Amino acid sequence: MESALELRRRIAAGEISLDSYYEALLSECESAKARFNCLTAITNQLAMATVERLKTNMKNDRPKGRLFGLPVVVKDNICLRDYPTTCASKILENFVPPYDATVIGRLIAEDAVIIAKANMDEFAMGSSNENSAFGPVLNPHDITRIPGGSSGGSAVAVAAGLTPMALGSDTGGSVRQPAAHCGVVGLKPTYGAVSRYGLVAYASSLDQIGPLACDVESAALLYSVIAGHDERDSTSAEISICDYPAEMQKSVKGLRIGLPREYFGDGLDGEIRTSIEAMIAQMKFEGAEFVDVSLPHTEYAIATYYIIADAEASSNLARYDGVKYGLRAKNDDLLSMYTNTRHEGFGAEVKRRIMLGTYVLSAGYYDAYYQKAMNVRSILKREFADVYKVVDVLLTPTTPTTAFKIGEKSNDPLEMYLSDIYTVSANLAGVPAMSVPIGRDGKNLPIGLQLTAKHFDEAVLFRVGKAVERLAK
Amino acid sequence: MNYEAVIGLEVHAQLLTKSKIFCGCSAHFGQQPNSATCPVCLGLPGALPVLNKRAVDFALKMILAVGGRVGKQSVFARKNYFYPDLPKGYQISQYDKPIGVGGAISFIDGGIAKSINLTRIHLEEDAGKSLHPENASQGYTRVDVNRCGTPLIEIVSEPDIRTPHEAFLYLHALKQIVEYLGICDGNMEEGSLRCDANVSIRPIGETTLGTKTEVKNLNSIRGVERAITYEIGRQIAVVSSGGKVVQQTLLYNDADGKCYPMRSKEESHDYRYFPDPDLVTLCIDDFWIAEVAASQPELPIARRERFVSNYGIPAYDAEVLTTTLQLADYFEAVVEHCGDAKLASNWIMTEVLARLKDQQIDISEFAITPTRLGELIGKIKAKAITGKIAKDLFELMLSDSRDLDVIISEKGLAPVTDSGDLKKLIDKIIADHPDEVARYREGKTKLFAFFVGQLMKATQGKADPETAGALLKARLDE
Numbered sequence: 001m002e003s004a005l006e007l008r009r010r011i012a013a014g015e016i017s018l019d020s021y022y023e024a025l026l027s028e029c030e031s032a033k034a035r036f037n038c039l040t041a042i043t044n045q046l047a048m049a050t051v052e053r054l055k056t057n058m059k060n061d062r063p064k065g066r067l068f069g070l071p072v073v074v075k076d077n078i079c080l081r082d083y084p085t086t087c088a089s090k091i092l093e094n095f096v097p098p099y100d101a102t103v104i105g106r107l108i109a110e111d112a113v114i115i116a117k118a119n120m121d122e123f124a125m126g127s128s129n130e131n132s133a134f135g136p137v138l139n140p141h142d143i144t145r146i147p148g149g150s151s152g153g154s155a156v157a158v159a160a161g162l163t164p165m166a167l168g169s170d171t172g173g174s175v176r177q178p179a180a181h182c183g184v185v186g187l188k189p190t191y192g193a194v195s196r197y198g199l200v201a202y203a204s205s206l207d208q209i210g211p212l213a214c215d216v217e218s219a220a221l222l223y224s225v226i227a228g229h230d231e232r233d234s235t236s237a238e239i240s241i242c243d244y245p246a247e248m249q250k251s252v253k254g255l256r257i258g259l260p261r262e263y264f265g266d267g268l269d270g271e272i273r274t275s276i277e278a279m280i281a282q283m284k285f286e287g288a289e290f291v292d293v294s295l296p297h298t299e300y301a302i303a304t305y306y307i308i309a310d311a312e313a314s315s316n317l318a319r320y321d322g323v324k325y326g327l328r329a330k331n332d333d334l335l336s337m338y339t340n341t342r343h344e345g346f347g348a349e350v351k352r353r354i355m356l357g358t359y360v361l362s363a364g365y366y367d368a369y370y371q372k373a374m375n376v377r378s379i380l381k382r383e384f385a386d387v388y389k390v391v392d393v394l395l396t397p398t399t400p401t402t403a404f405k406i407g408e409k410s411n412d413p414l415e416m417y418l419s420d421i422y423t424v425s426a427n428l429a430g431v432p433a434m435s436v437p438i439g440r441d442g443k444n445l446p447i448g449l450q451l452t453a454k455h456f457d458e459a460v461l462f463r464v465g466k467a468v469e470r471l472a473k
Numbered sequence: 474m475n476y477e478a479v480i481g482l483e484v485h486a487q488l489l490t491k492s493k494i495f496c497g498c499s500a501h502f503g504q505q506p507n508s509a510t511c512p513v514c515l516g517l518p519g520a521l522p523v524l525n526k527r528a529v530d531f532a533l534k535m536i537l538a539v540g541g542r543v544g545k546q547s548v549f550a551r552k553n554y555f556y557p558d559l560p561k562g563y564q565i566s567q568y569d570k571p572i573g574v575g576g577a578i579s580f581i582d583g584g585i586a587k588s589i590n591l592t593r594i595h596l597e598e599d600a601g602k603s604l605h606p607e608n609a610s611q612g613y614t615r616v617d618v619n620r621c622g623t624p625l626i627e628i629v630s631e632p633d634i635r636t637p638h639e640a641f642l643y644l645h646a647l648k649q650i651v652e653y654l655g656i657c658d659g660n661m662e663e664g665s666l667r668c669d670a671n672v673s674i675r676p677i678g679e680t681t682l683g684t685k686t687e688v689k690n691l692n693s694i695r696g697v698e699r700a701i702t703y704e705i706g707r708q709i710a711v712v713s714s715g716g717k718v719v720q721q722t723l724l725y726n727d728a729d730g731k732c733y734p735m736r737s738k739e740e741s742h743d744y745r746y747f748p749d750p751d752l753v754t755l756c757i758d759d760f761w762i763a764e765v766a767a768s769q770p771e772l773p774i775a776r777r778e779r780f781v782s783n784y785g786i787p788a789y790d791a792e793v794l795t796t797t798l799q800l801a802d803y804f805e806a807v808v809e810h811c812g813d814a815k816l817a818s819n820w821i822m823t824e825v826l827a828r829l830k831d832q833q834i835d836i837s838e839f840a841i842t843p844t845r846l847g848e849l850i851g852k853i854k855a856k857a858i859t860g861k862i863a864k865d866l867f868e869l870m871l872s873d874s875r876d877l878d879v880i881i882s883e884k885g886l887a888p889v890t891d892s893g894d895l896k897k898l899i900d901k902i903i904a905d906h907p908d909e910v911a912r913y914r915e916g917k918t919k920l921f922a923f924f925v926g927q928l929m930k931a932t933q934g935k936a937d938p939e940t941a942g943a944l945l946k947a948r949l950d951e
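Chains as they are written, first to last, in our numbering: chain A, 1 to 473; chain B, 474 to 951.
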């Protein structure tokens with residue numbers, strides 16, 4: 001897949017005809033949807049209407065947006081007006097939002113062409129994309145394997161070459177982990193950098209929308225479009241978007257890169273370790289300085305994450321009650337309307353998390369679980385803040401293994417939760433992190449390397465990520 | 474054994490902001506059901522709340538008015554429960570870090586100044602309204618979510634109230650404060666001011682608290698007093714007969730004046746409060762507080778005291794006249810137009826309030842504007858009409874908004890001051906009542922009032938009392 005910037009250049013210059021490009025692309029989407037189950041819907045009408053508008057703009061020589069003519073696939077938990085936003089759940093199968101998420105407005109304002117909604121784990125809960133009400137998404141590198149989750153559909157759309165860029169959401173690794181498994185770039189921005197308005201909430205204090213892309217440059221481009229303050233999201237921050245192309249010109253020379261020892265322990269696959277070590281050696285050769293550091297509370301991150309995320313989810317998902325929209329199951333009275341609707345509408349993993357979340361917030365358990373988890377979260381945040389006094393960026397694996405087999409972990413939720421072991425901490429601390437592909441293992445499956453920076457320092461991720469990408473080729 | 478009651482009140486006051494607390498929808502009422510809504514207050518997936526600063530201003534006004542402490546870092550929390558008129562499945566409220574802590578509400582009970590301490594004041598959003606059909610077998614409930622997201626403050630008192638009448642006075646004073654502040658219209662009947670009462674009893678002298686019940690569905694201040702009276706009586710009866718008060722929620726029925734238990738299923742809630750991750754900590758700095766403080770209006774107690782000291786009217790009158798902001802404003806407008814606070818007070822205390830009571834209306838709906846009442850009083854002072862005629866004129870003004878002078882001349886209400894005319898009438902009265910004249914002249918001077926009466930009758934009350942008295946006296950004493 002060519003870079004978004006190159007594709008935009010060719011489209012804007014008229015070297016590619018919008019009509020024929022999109023005619024071919026939309027039919028390719030149909031075929032990819034059939035082969036990998038990566039899309040929940042193809043937004044033909046919207047795409048064609050956008051193409052018409054862009055053609056008129058070209059004819060009249062109007063200014064062209066930064067994403068002019070570029071196709072984008074959007075995860076199906078981001079509200080797109082007049083198109084079903086299902087969250088891959090039966091309970092929202094027929095929900096059509098009457099409004100656009102803020103990020104959608106920003107894509108459209110920059111002349112992007114939204115071509116499809118991406119399949120995902122139901123309500124973004126999962127690490128394998130097996131939890132979709134519409135069936136699992138298959139990894140294009142090996143269709144017997146999972147693509148990662150929960151933004152599996154978005155990662156596959158990029159990996160399958162449908163689009164240079166897609167939007168996902170990352171609550172505990174849901175952009176970075178599928179990016180690693182599919183061999184694409186995935187960024188979880190700093191919490192507050194991208195508006196959550198219109199992102200269907202899973203765990204509000206952890207959720208961030210982020211780009212998945214064919215390369216670092218394309219990820220940076222999409223990020224620069226969607227980031228920035230939004231008055232409709234109280235948790236969105238005032239940030240300055242730096243000159244990413246210039247950052248990506250810089251070498252890694254003189255950068256201090258931290259290697260947290262907790263991320264290189266026993267659970268890490270040997271081939272991933274080897275390929276990361278090889279990358280470290282190359283980067284040293286380019287002048288980067290590596291420092292061994294420690295984030296001692298990392299071992300509590302998974303437990304902390306699942307308590308906080310599930311607590312928030314149990315409340316966020318209370319609105320799916322059959323009253324106003326979405327599924328309403330057959331019922332005899334109010335209570336059975338609630339129980340039948342939620343019983344039929346939610347999948348097993350969603351129910352599991354709602355129950356766990358309800359439990360940890362219950363009277364008598366709040367202090368032991370939720371409050372304690374919040375305390376650990378503060379400690380983790382502080383550990384990250386401390387480590388960034390010493391280093392510019394942290395380098396770790398994104399995942400402990402490459403893509404596993406479909407069904408391999410579905411009966412063992414705990415084993416499944418451990419696939420997020422390297423990714424959840426960034427969400428808990430609110431810091432930005434990016435997964436960049438660095439090669440393949442012996443089974444020809446992609447390996448991802450994760451870079452983690454301090455709050456609002458996406459620039460250093462793009463700078464280092466670009467170097468890693470170059471060195472990995 | 475003698476018991477005392479321990480009462481605490483939780484009052485919800487709907488704030489009069491233009492828009493809702495977490496979105497831009499109108500917070501005004503009377504619109505088509507479900508029309509004043511948007512993705513945020515409908516709780517649509519993905520929509521997020523943004524705090525309306527005006528609601529914070531209003532809450533601060535109340536906190537400052539009752540001498541409470543502002544929580545400089547207050548936190549919004551989710552109160553989780555399922556109900557069809559609660560679109561998100563949780564209410565955004567405040568829990569362990571409210572915007573206001575402490576303060577007190579003062580009132581006078583039988584001449585004694587009392588003060589009830591407040592526990593807290595917090596901000597929250599209102600839920601919608603469930604409309605149940607008359608006939609439950611119709612099998613549906615309608616939901617109107619227009620009210621969802623209307624800003625509320627909840628004012629929680631300490632269990633410092635001891636009698637139903639104190640509860641009445643407390644609520645009355647609270648209502649006065651919110652009305653004076655202009656933050657709530659104080660209408661309990663329409664639900665813009667709502668009250669739940671926590672009631673328990675204990676033997677006098679006991680310091681630990683008895684088991685409490687929570688009484689809901691209180692739709693007027695008098696209703697609160699009646700419900701608490703009933704509930705205290707019921708609890709005393711239970712305990713006196715060897716029983717135990719059961720902790721429960723009761724619904725008051727104003728029709729029979731009794732409290733009935735709510736179905737237990739509806740009250741067994743664990744709300745699982747936790748900080749709302751969609752909202753950031755509400756930080757209120759001294760500058761913000763100072764800004765609100767600078768815009769505070771005069772409060773009921775201060776105004777009452779000023780009425781006494783500035784206008785020299787009795788404390789009782791001042792209290793009546795400051796009952797509502799509108800009445801106090803009315804009084805001051807009348808004074809401004811006639812320049813006589815005592816006359817203004819007398820007229821309002823007697824004539825005006827009697828009409829309001831008769832017509833069951835509010836001063837804002839009263840037909841005679843303060844300007845016109847001031848004009849009327851001005852005419853009495855200038856002797857342009859007599860006091861007796863003024864009352865007739867007042868009556869006419871209730872339905873006649875024409876210029877006062879027009880009414881006076883049309884109805885012939887101007888006083889008879891012409892001494893020639895009066896003299897002729899006096900001569901006639903003296904001629905008609907020779908016996909009375911003789912007895913008067915023998916020393917029965919009390920009969921003077923009789924002659925005044927006759928003269929007033931003859932002039933239909935229009936004789937100017939001073940002129941008429943002087944002429945009459947001169948003629949009788951000849």
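We treat Cβ as the ideally placed atom computed from N, Cα and C, and that holds for glycine.
Note that the structure is predicted; figures quoted are calculated from it, not measured.
Specify the secondary structure class of lysine 117/A as computed by DSSP and reduced to three states.
strand
In the DSSP assignment, the beta strand (DSSP E) including glutamate 344/A goes from what residue to what residue?
First-last for glutamate 344/A: 334-345, but that is the alpha helix (DSSP H), not the beta strand (DSSP E).
Going by DSSP in three states, valine 323/A sits in which element: helix, strand or coil?
coil
Name the DSSP bridge partner or partners of threonine 722/B?
Glu687/B
How long is the line joining the alpha carbons of cysteine 498/B and cysteine 621/B, rounded to whole angstroms?
10 Å
May I have a chain-ordered list of the beta strand (DSSP E) segments no shorter than 3 residues that lie completely inside the region 234-295 of chain A?
256-260, 289-293
Does the beta-carbon of proline 98/A have 16 or more other beta-carbons within 10 angstroms, so that it is buried, or is it exposed?
exposed
With three or more beta-carbon pairs closer than 8 Å as the criterion, would you say the region 752-765 of chain B touches the region 803-812 of chain B?
no
Run the CB neighbour count on aspartate 292/A, radius 10 Å, all protein chains shown included, and call it buried at 16 or more, exposed below.
exposed
Whole angstroms are fine: how far does the CA of glutamate 824/B sit from the CA of valine 925/B?
25 Å
C-beta atoms of glycine 126/A and valine 137/A nearer than 8 Å:
no
Taking Cβ-Cβ distances below 7 Å as the criterion, which residues of the region 540-567 of chain B are in contact with chain A?
Arg551, Asn553, Phe555, Pro557, Pro560, Lys561, Gly562, Tyr563
Hey, out of Met48/A, Gly270/A, Leu380/A, whose CA is closest to valine 424/A's CA?
Leu380/A
Please list the partners that glycine 519/B has in chain A, where partner means a Cβ-to-Cβ separation under 9 Å.
Asn77, Ile78, Cys79, Thr85, Pro97, Tyr99, Ala101, Arg196, Tyr197, Gly198, Leu199, Val200, Ala201
Anything in the region 305-330 of chain A with a Cβ closer than 7 Å to a Cβ of chain B? List those residues in chain order, please.
Ala311, Glu312, Ser315, Ala318, Arg319, Asp321, Val323, Lys324
Mind checking if proline 750/B is an interface residue toward chain C, Cβ cutoff 8 Å exclusive?
Chain labels in this structure do not include chain C; the protein chains are A and B.
Could you tell me whether the Cβ of proline 512/B comes closer than 8 Å to any Cβ of chain A?
yes
Checking contacts by CB at 8 Å: is leucine 107/A closer than that to chain B?
no
Assuming the contact rule is C-beta atoms closer than 8 Å, methionine 735/B and leucine 752/B should be a hit. Round their C-beta distance to whole Å, please.
No, methionine 735/B and leucine 752/B are not in contact; Cβ-Cβ is about 31 Å, not under 8 Å.
Expressed to the nearest angstrom, what Euclidean distance is found between the alpha-carbon atoms of methionine 337/A and serine 603/B?
16 Å
Under 7 Å from the C-beta of glutamate 122/A: neighbouring residues of chain B:
Result: empty, since nearest Cβ-Cβ is about 13 Å, beyond 7 Å.
Among Ala101/A, Leu7/A, Leu39/A, Arg176/A, whose alpha-carbon lies nearest the alpha-carbon of alanine 520/B?
Ala101/A
Interface positions of the region 227-255 of chain A facing chain B (Cβ-Cβ less than 8 Å), listed along the chain
Glu231, Arg232, Asp233, Ser234, Thr235
By Cβ distance below 7 Å, which residues in the same chain neighbour glycine 730/B in space, the five residues on each side in sequence not counted?
Arg699, Tyr703
Buried/exposed call for valine 719/B, threshold 16 Cβ in 10 Å:
exposed
Does the Cβ-Cβ distance between proline 211/A and cysteine 182/A come in under 8 Å?
no
Where glutamine 546/B sits in the DSSP three-state scheme
strand
Taking just the CA atoms, how far does isoleucine 903/B sit from lysine 917/B?
15 Å
Do you know how far the Cα of arginine 776/B is from the Cα of threonine 940/B?
40 Å
Closer than 9 Å by beta-carbon distance: list the chain B residues that pair up with threonine 171/A, in chain order.
Those do not exist, as threonine 171/A stays about 12 Å from chain B at its closest Cβ, beyond 9 Å.
Please report the residue range of the beta strand (DSSP E) in which alanine 586/B lies.
585-598
Can you check whether the C-beta of serine 410/A is within less than 8 Å of a C-beta belonging to chain B?
no
For glutamate 868/B, report the span of its alpha helix (DSSP H) as first-last.
860-870
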